[in-house]
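Novice: I have a structure I would like to understand better, so I am pasting it below and will then ask my questions one at a time.
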């Protein structure tokens, strides 16, 4: 039974993360989670830092 609870929690977390990415992309964000990009302006040019 505990396995189903853990699996359920993991699935909920993945669904929430997917929803966040979907909404961010729908709103036009180029970078998701990039600390240098905020408010629609992207300081990294849409590329990941190396």
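Numbering (my numbering), first residue to last: 1351 to 1400. From the three backbone atoms N, C-alpha and C, an ideal C-beta is built for every residue, glycine too.
Please say whether residue 1382 and residue 1371 have beta carbons closer to each other than 8 Å?
Specialist: Counting from 1 along the chain shown, the entry for residue 1371 is found at position 21. Counting from 1 along the chain shown, the entry for residue 1382 is found at position 32. Yes.
Novice: Is there a Cβ of chain B sitting closer than 8 Å to that of residue 1362, yes or no?
Specialist: The chain inventory of the structure shown lacks chain B, comprising one protein chain alone.
Novice: When the Cα atoms are used, what is the spatial distance from residue 1363 to residue 1380?
Specialist: Here residue 1363 is taken as the residue at index 13 of the chain shown, counted from 1. Here residue 1380 is taken as the residue at index 30 of the chain shown, counted from 1. In a straight line, the C-alpha of residue 1363 is about 23 Å away from that of residue 1380.
Novice: Does DSSP classify residue 1379 as helix, strand or coil?
Specialist: Working through the chain shown from its first residue, we reach residue 1379 at position 29. Residue state, collapsed to three classes: coil.
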